[in-house]
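The structure appears right after this line, and notes come after that.
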Amino acid sequence: MDPATGQVSGDSRLNAPVTELVQKLLDFGIDGLGPLDGATAVADKAGRGRPVEAAVADVIKSHKKAAAAGGFVTGLGGFLTMPVALPANVVEFYIIATRMVAAIARLRGFDIDKPETRSAILLALVGADSRDDLLAKAGVVTTGRLSSLATQHLPASAVMMINKGVGFRLVARLGEKGLAKIAGRGLPVVGGVVGGGLDYYLLGRIADHAKKQFVAAP
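According to my numbering, the stretch in the sequence shown is residues -4 to 213, in order.
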C-alpha cells in the first residue's frame, strides 16, 4: 500500500495514466496550452473593471456552459461512441473544472503559479473527505480550508504526493462518473443531453466548494 495515495501494491500499471492526467490538468487547466487560455488569462479578463465576486460569478457561469457543451458534443452517438467519448469527456470535464477553480483562486488573490496553490486547486476536485485523507497521508496539516494549504511552503516531495494522490482518486472516478451516464446513453440525442446536463450540475458543485475553500487571500 502506498502511504501517500492509498494505491494497492500491484496497481503500478496506473502510474502512467495517473501522471498523464495530473499533467494534463496542470498544463491545460491552469497554464493553458494551444488554443485553450490558461486560468490567469481567464481570471484577468473576467476581473477587468469589475468587482471580484462579480468576476467569480462570471467565471463559474462560463465554465458551466463550457462543461455542458463539451458533454453534449462528445456524448453524441450514444453507445456507438461511448468507448472513446466517455473517457475523453471526463478528462475534458476535469480540465474545465481545474481551470475554473484556478481562476477563482487567482481572482481571490492567490498565486496560482505556486506549487502549493496548484495542489490546493487539484484537491478542490476530489471533495473534503478525500482531501483530508490525502493531506494526512502526505503529512500536511491545514486549518480546514484549502486556502491555508496555498499559503504554506511544502517540500517538493509532499506536493508530488498530494498531486499523485489526487490523480489516483480521479482515475478511480472515471468509471463512476461514466456509469452515472450510461442509463441515458441508449439513444444518441438523449445521451448527449444527459451528458451535458450532468456535467453542468457537477461543475456547479465543484464551483460551490471552491468558493468556500479559496477565501480572499490575506
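Using N, Cα and C, we set each Cβ at its ideal position, and we do this for glycine too.
> residue 265: buried (16+ other C-beta within 10 angstroms of its C-beta) or exposed?
Replying inline: Look at the range of the chain in this structure, -4 to 213, and you will see that residue 265 is not part of it.
> Would you call the segment 106 to 119 and the segment 130 to 146 in contact, with 3 or more CB pairs under 8 Å?
Replying inline: For the pair of segments examined, the segment 106 to 119 was found to touch the segment 130 to 146: the number of CB pairs separated by less than 8 Å reaches three.
>> Using only the alpha-carbon positions, how far apart do residue 95 and residue 167 sit?
In response: Looking at the two C-alpha atoms, the distance is approximately 22 Å.
> Taking the continuous alpha helix (DSSP H) assigned at residue 124, which residues delimit it?
Replying inline: Annotation for residue 124: the continuous alpha helix (DSSP H) segment containing it runs 123 to 132.
> So, is residue 196 buried or exposed, given that buried needs 16 or more other C-beta atoms within 10 angstroms?
Replying inline: By the neighbour-count criterion, in which a residue is buried when 16 or more other Cβ atoms sit within 10 angstroms of its Cβ, residue 196 is exposed.
> First and last residue of the alpha helix (DSSP H) that includes residue 18?
Replying inline: Under the DSSP assignment, residue 18 falls in the alpha helix (DSSP H) whose first and last residues are 10 to 19.
> When the Cα atoms are used, what is the spatial distance from residue 209 to residue 101?
Replying inline: Counting only the Cα atoms, residue 101 lies some 9 Å from residue 209.
>> To the nearest angstrom, how far is the alpha carbon of residue 120 from that of residue 45?
In response: The C-alpha of residue 120 lies about 27 Å from the C-alpha of residue 45.
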